[in-house]
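The block underneath contains the structure these notes are about, expressed in structure tokens.
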Amino acid sequence: MLPIQRRSERRFESADVAVVGAGASGSVVSARLAEKGFRVVCIEQGGWSTPADYLSDQPEAELAWVERWNPDPNIRRGTADYPLTGDAEVRPVMFNGVGGGLVQWAAMWQPMLPSDFRTKTLDGVGEDWPISWRDLAGCYNRVARDMSVSGLVGDPALPELSYPNPPMPIGKIGMAAARGMDELGWHWWPGANAIASRRHGHLQACQRRGTCMTGCPENAKATPSLTHWPKALSDGVQLITEARAREIPLDSQGRARGVVYFDKEGMERLQPAQVVVLAANAVGSARLLLLSSSGRFPDGLANSTGLVGRRLMQHPYQTVVAVLADDLESWQGPWGQSIYSLEFAETRPECDFVRGAKWMVMPHGGPMFAVGEHQAAHGDLGFDGLWGEAFHRAVENIFGHSFTWGIQTEDLPEDHNRVVLDPEVTDSSGLPAARVEYELSENTRSMLSFNVSRAVEAAEAAGATETIVSGVWPTGIGHVLGTTPMGDDPDSSVVDRWCRTHDVSNLYVVDGGVFPSGGSANPTATILANALRVADRLIATRRQQEAAAA
Amino acid sequence: MSADSLQRATLAKLADVLIPGSGKMPAASSAGVAGELLNRCLSAAPSLEEPLLALLEAAERCEHSAFARDLATRSPEDFAVLSTVVVGAYYLSEQVRDLIGYPGQVPSPLSIAGEPEYLPMLERVYERHEGYRSAE
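As you go down the protein sequences, you meet chains G and F in turn. Counting along the first sequence from 1, when you hit position 523 you're at 581 in the working numbering, and nothing is skipped either side. Counting along the second sequence from 1, when you hit position 24 you're at 129 in the working numbering, and nothing is skipped either side.
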């Protein structure tokens, strides 16, 4: 535990903008503002990760997942992690450090659909965004370039996009899965990934190791420590690592004064700032707002609606593994998306649920992962069905002969799915842990059931001799959305269309928490595009921005 | 790794219950899971060491097959420790990797030249798709 010492007497120079979190959105905002001359201080509770820290180029690569590079902070228990408590049906996962979740992400690049921004108008559920797909279109293309995305343009299921690099090969697994979709007449498209198919920008060409989620040792996967921070630091951003934000204090006028944090020695410090931007993910930002309660905001900062922490969305997830007789070299990467399908991403009148799911094909990694998925799905077989001779038979059948359809569903924003402060458990700085309350709705259960059945059909059409169906993953897939939703109405949203809190005029939230509804697309492309849009707005309106009293 | 020879012998017996020899595949003990591979496994995942040593101590005077089966039923968390170590160490073996045709997560430079084999299928996607749902 970090010792909490006395308050610092040192006075820090005031920043134009203090950003909390050096992950996906915080990196974009910090870099963009510094490029335009803002004095930016970014406070990050973790440190740097480099290829020297990964095990991805070692034979022990799969074992990295067991502990040190497990995406679940409750398992990883790094010094930067804070506990997630509660009995959530799906518990969020995250990585705390420079780059945030993009250190461990699979780099799947999937802009949302235009209809995802209008779920209430079109389908009578969820919430409309105050902005449209068109408002993000230009930013989608700019961040795709910054992230060296490789993809194939022209998917008729999406509006026109641009990618700076040609698509990755879809490999034998993608070809097998695509043949199944072709047989059924269903939509599929080669996957876009923020992985360089050739040397581009700050990235090297992918070497197909397939260890994307335990850290890319080749520097071929886009992560902000490569794509954004070198330029941001050279433009003058002060990045303070191993610093845990504790509170956003207010001045007498109710404006944010800066960020109070514990530095790596446990010293409490105040970083003054004219504007504060929260980018600590939908759990971390909500937690910090709740930690920042005051006489003016007794239920948490910027929480006059009571919505801070609520409407958590996580894209509940299941997998269908297709086992074929063919040699598919299924350990080979990248472990992004080989192909994806939007066949079932929209509301279908014949179904008993609304909205939909995105599917994507992935490899299975090494033998530990391959057999582990089989064993997790077949616990009912008992000891003799999983071990002994059965173990060898399973490996022989599955390893190198299978691909995985990931089924990623749109969960609707519901007030009871939320992040609150744990009344008892604390982190290593003595701050209350985040307690997560989350349960699947009947709509989501029906959606999962329908899509899993269709994915089994797709696997069989691809020639599968066996399918392995997982349960709903109890730990999430790193998609944490909602908790500080965006909207024009201050009575039913936390931030406005420019992601400024309705309650505090110089406080912004730019992470996935601002999603009023979540769609079914992997959210990073949208988080980055929206963060860039907000940064541009801050630049354009800098002379009108209200700030704390000096 | 602080396992002594008795603990390693116990692990070898338990490991063979989970992964016995079969056809061309060696038993876990023959592959070396209780030797250097155990050290490497625990070096990569050190949090497994303490619970592993505890369950090995508990298993020392037991019939190993019955112990492993009982552990799987009675204490899934402890069994997960045992199975993770055994499977993880087993697939660190070069011999085992060779036998299943697994080169490891090694570099395999990609080629993006030439026309992808999937293009005819993709043209059919384009032809039959009605386009995205308008939301304007």
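The C-beta atom is built at its ideal place from N, Cα and C for all residues, glycine as well. Just so it is clear, the structure is predicted and the values come from calculations on it, not from any experiment.
For Asp-594/G, which of helix, strand or coil comes out of DSSP? Position 536 of the first sequence holds residue 594/G. Correct three-state label for Asp-594/G: helix.
Using a C-beta cutoff of 8 angstroms, does Gly-458/G count as contacting chain F? Start at 1 with the first residue of the first sequence, and residue 458/G comes out as number 400. Yes - at least one Cβ of chain F is within 8 angstroms of the one on Gly-458/G.
Within 10 angstroms of the Cβ of Asp-561/G, are there 16 or more other Cβ atoms? Answer buried if so, exposed if not. Position 503 of the first sequence holds residue 561/G. A residue is called buried once 16 or more other Cβ atoms fall within 10 Å of its Cβ, and Asp-561/G is buried on that count.
In the structure shown, what three-state DSSP assignment does Asp-181/G receive? Position 123 of the first sequence holds residue 181/G. Reduced to three states, the DSSP call for Asp-181/G is helix.
Compare the C-beta of Leu-470/G against all C-beta atoms of chain F and say whether one is closer than 8 angstroms. Locating residue 470/G in the first sequence gives position 412, counting from the first residue. Not an interface residue.
What is the C-beta distance between Val-148/G and Val-530/G, in whole angstroms, given that I count them as a contact (C-beta under 8 angstroms)? Start at 1 with the first residue of the first sequence, and residue 148/G comes out as number 90. Start at 1 with the first residue of the first sequence, and residue 530/G comes out as number 472. Indeed, because the Cβ distance is near 7 angstroms, the residues count as touching under 8 angstroms.
Between the segment 157-168 of chain G and chain F, which residues of the former have a C-beta closer than 7 angstroms to a C-beta of the latter? The segment 157-168 of chain G vs chain F, Cβ under 7 angstroms: nothing.
Can you give me the start and stop residues for the beta strand (DSSP E) that Leu-348/G sits inside? On the first sequence, residue 348/G is found 290 positions in, with the first residue counted as 1. Run containing Leu-348/G: none in the beta strand (DSSP E); it sits in the alpha helix (DSSP H), 339-349.
Would you say Ala-149/F lies against chain G (beta-carbon separation less than 8 angstroms)? By 1-based counting over the second sequence, the position of residue 149/F is 44. It does; some Cβ of chain G falls within 8 angstroms.
Straight-line gap, Asp-74/G to Val-333/G (C-alpha atoms, nearest Å): Translated into the one-based positions of the first sequence, residue 74/G becomes position 16. Translated into the one-based positions of the first sequence, residue 333/G becomes position 275. Taking the CA atoms as reference points, Asp-74/G sits about 6 angstroms from Val-333/G.
Where DSSP assigns a beta bridge to His-258/G, which residues make up the other side? As a working note, residue 258/G is residue 200 in the first sequence. Answer is Leu-261/G.
Alpha carbon to alpha carbon, what distance is there between Ser-127/F and Trp-417/G? Here residue 417/G corresponds to residue number 359 of the first sequence, with the count starting at 1. Here residue 127/F corresponds to residue number 22 of the second sequence, with the count starting at 1. Whole-angstrom Cα-Cα distance: 37 angstroms.
Hey, Lys-289/G and Ala-89/G: beta-carbon distance below 8 angstroms or not? What you label residue 289/G is simply residue 231 of the first sequence in a count that begins at 1. What you label residue 89/G is simply residue 31 of the first sequence in a count that begins at 1. Yes, the Cβ-Cβ distance between Lys-289/G and Ala-89/G is below 8 angstroms.
Could you tell me the alpha carbon to alpha carbon distance between Glu-241/G and Pro-208/F, rounded to whole angstroms? Indexing the first sequence from 1 puts residue 241/G at position 183. Indexing the second sequence from 1 puts residue 208/F at position 103. Glu-241/G and Pro-208/F: Cα-Cα distance of roughly 33 angstroms.
Measuring alpha carbon to alpha carbon, tell me which of Arg-558/G, Val-538/G and Gly-577/G ends up nearest Ala-593/G. Counting from one through the first sequence, the residue named residue 593/G turns up at place 535. Of Arg-558/G, Val-538/G and Gly-577/G, the residue nearest in Cα terms is Arg-558/G.
Top-ranked residue by Cα proximity to Gln-265/G, from Ala-606/G, Gly-521/G, Gln-390/G and Met-505/G: Position 207 of the first sequence, counted from the first residue, corresponds to residue 265/G. It is Gln-390/G whose Cα lies nearest to the Cα of Gln-265/G.
Quick check on Ala-150/F: buried or exposed, where buried means 16 or more other Cβ atoms within 10 Å of its Cβ? If you number the second sequence from 1, residue 150/F lands on position 45. Buried is the call here.
How would you label Glu-71/G, buried or exposed, when you count the other beta carbons within 10 angstroms and need 16 or more for buried? Counted from its first residue, the first sequence places residue 71/G at position 13. By the neighbour-count rule (16 or more Cβ atoms within 10 Å), Glu-71/G is not buried but exposed.
Quick check on the burial criterion: 16 or more other C-beta atoms within 10 angstroms. Buried or exposed for Val-211/G? Along the first sequence, one-based indexing puts residue 211/G at 153. Exposed.
Three-pair Cβ contact test at 8 angstroms for the segment 225-233 of chain G versus the segment 189-204 of chain G: no
Does the segment 173-191 of chain F touch the segment 153-163 of chain F, meaning 3 or more C-beta pairs lie closer than 8 angstroms? yes
The beta strand (DSSP E) enclosing Tyr-398/G, as first and last residue numbers: Residue mapping note: residue 398/G aligns to position 340 of the first sequence, counting from 1. Counted as a single uninterrupted DSSP element, the beta strand (DSSP E) harbouring Tyr-398/G occupies residues 397-399.
Which value, in whole angstroms, describes the spacing of the CA atoms of Pro-425/G and His-436/G? Taking the first sequence and counting its residues from 1, the one referred to as residue 425/G is at position 367. Taking the first sequence and counting its residues from 1, the one referred to as residue 436/G is at position 378. Spanning the two alpha carbons is a distance of roughly 17 angstroms.
Residues, ordered as in the chain, of the segment 231-264 of chain G that lie near chain F by beta-carbon distance below 9 angstroms: Gly-232, Met-233, Ala-236, Arg-237, Met-239, Asp-240, Gly-243, Trp-244, His-245, Trp-246, Trp-247, Pro-248, Ser-255, Arg-256, Ala-263 and Cys-264
Out of Arg-233/F, Arg-145/F, Gly-193/F and Ala-108/F, which has the shortest C-alpha to C-alpha gap to Leu-123/F? Along the second sequence, one-based indexing puts residue 123/F at 18. Among Arg-233/F, Arg-145/F, Gly-193/F and Ala-108/F, the Cα nearest to that of Leu-123/F belongs to Gly-193/F.
Starting from Ser-114/G, trace the alpha helix (DSSP H) both ways and give me its first and last residue. Numbered from 1 along the first sequence, position 56 holds the residue referred to as residue 114/G. Unbroken run through Ser-114/G: none, as it is neither H nor E.
Alpha-carbon to alpha-carbon, Gly-249/G and Gly-394/G: Position 336 of the first sequence holds residue 394/G. Position 191 of the first sequence holds residue 249/G. Rounded to the nearest angstrom, the two C-alpha atoms are 8 angstroms apart.
Confirm, please, whether the CB-CB distance from Thr-467/G to Ala-517/G is below 8 angstroms. Start at 1 with the first residue of the first sequence, and residue 517/G comes out as number 459. Start at 1 with the first residue of the first sequence, and residue 467/G comes out as number 409. Contact flag unset, no.
If you reduce the DSSP assignment to three classes, tell me which class Ala-415/G lands in. Locating residue 415/G in the first sequence gives position 357, where the first residue counts as 1. Three-state DSSP puts Ala-415/G in a strand.
Would you call Tyr-231/F buried or exposed, if buried means 16 or more other Cβ atoms sit within 10 Å of its Cβ? The residue labelled residue 231/F in the question sits at position 126 within the second sequence. Flag for Tyr-231/F reads exposed.
Between Pro-222/G and Ala-82/G, which are expected to be in contact by the criterion C-beta below 8 angstroms, what is the C-beta distance as a whole number of angstroms? Position 164 of the first sequence, counted from the first residue, corresponds to residue 222/G. Position 24 of the first sequence, counted from the first residue, corresponds to residue 82/G. Rounded, the Cβ-Cβ distance is 18 angstroms, inconsistent with contact.
Decide if the segment 430-446 of chain G is in contact with the segment 498-505 of chain G; the criterion is three or more beta carbon pairs, one per stretch, under 8 angstroms apart. no
Would you kindly work out how many angstroms separate the C-alpha atoms of Arg-192/G and Thr-582/G, rounded to a whole number? Translated into the one-based positions of the first sequence, residue 192/G becomes position 134. Translated into the one-based positions of the first sequence, residue 582/G becomes position 524. Roughly 17 angstroms between the two C-alpha positions.
Kindly identify the DSSP beta-bridge partner or partners of Lys-279/G. Numbered from its first residue, the first sequence carries residue 279/G at position 221. Ile-253/G, per the DSSP bridge assignment.
Take the Cβ of Glu-276/G as the centre, count every other Cβ of all protein chains shown within 10 Å, and call the residue buried at 16 or more, exposed below. Locating residue 276/G in the first sequence gives position 218, counting from the first residue. Answer is buried; the Cβ neighbour count reaches 16.
Kindly indicate if chain F contains any beta-carbon less than 8 angstroms away from that of Phe-175/G. The residue labelled residue 175/G in the question sits at position 117 within the first sequence. Judged by the 8 angstroms Cβ criterion, Phe-175/G is in contact with chain F.
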